[in-house]
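See below for the structure under consideration.
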Amino acid sequence: MPKPSPYVLPAALAILALAAPVFAAQPLCGKKIAEVERQQAEARAHGHDHEARGLQRALDALRNKCTDQGLIDDARAEVSEKQREVAERQADLDAAIREGDQDDIKKRRKKLSEARQELLAHQSELDRLDAGR
């Protein structure tokens, strides 16, 4: 097994020291960056180079433009979009019920259930971000 370079640990510590003020000022961004870094390392470990490159672009964007308020605003927008989707799916189901087509009703109920699950997931994410401030 090759011996690790003696420069790896000091370099990592220097990077963390430089990043610490950013993470302290924007803790949600720091957590988001750490999560994307973890995903990137996992992608690389499994040989998913294309995915790792995409995650690197996401990391670059996060490091350059991320703000905690921006993350919260994005999460709120996602919740609003999912609420609109649930309302649309409910209207589709109501129309299918009026028409009485049992196959269509079943399909519309399933789509409504999926939309509600997505809304719950996005609402949980927003709640987690709000709590993490």
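Residues -24 to -1, 1 to 109 (mature numbering (1 follows the signal peptide of the UniProt record, and there is no 0)) are what the sequence shown spells out, left to right.
Glycine residues also receive a C-beta, built at the ideal position from the N, C-alpha and C atoms.
Being a predicted model, the structure only gives us computed values, none of them experimental.
Buried/exposed call for residue i, threshold 16 Cβ in 10 Å
i: His98; result: buried
i: Ala91; result: buried
i: Leu95; result: buried
i: Lys41; result: exposed
i: Pro(-4); result: Its pLDDT being 47, under 50, Pro(-4) is placed unreliably in this model, and the coordinates cannot settle the point.
i: residue 169; result: Because the chain here runs from -24 to 109, residue 169 falls outside it and cannot be looked at.
i: Arg84; result: buried
As assigned by DSSP and simplified to three states, the class of residue i
i: Ala97; result: helix
i: Ser89; result: helix
i: Asp77; result: coil
i: His26; result: helix
i: Arg109; result: coil
i: Asp103; result: helix
Supposed close pair residue i, residue j - CB separation, criterion 8 Å
i: Ile9; j: Leu38; result: 5 Å
i: Cys5; j: Asp44; result: 6 Å
i: residue 117; j: Arg52; result: What the structure shows of the chain is the stretch from -24 to 109, and residue 117 is not part of that stretch, so it cannot be assessed.
i: Leu88; j: Arg109; result: Not confirmed; about 32 Å, so no contact.
i: Ala34; j: Val12; result: 6 Å
Residue range of the unbroken alpha helix (DSSP H) whose run includes residue i
i: Gln2; result: First-last for Gln2: undefined, no H or E at that position.
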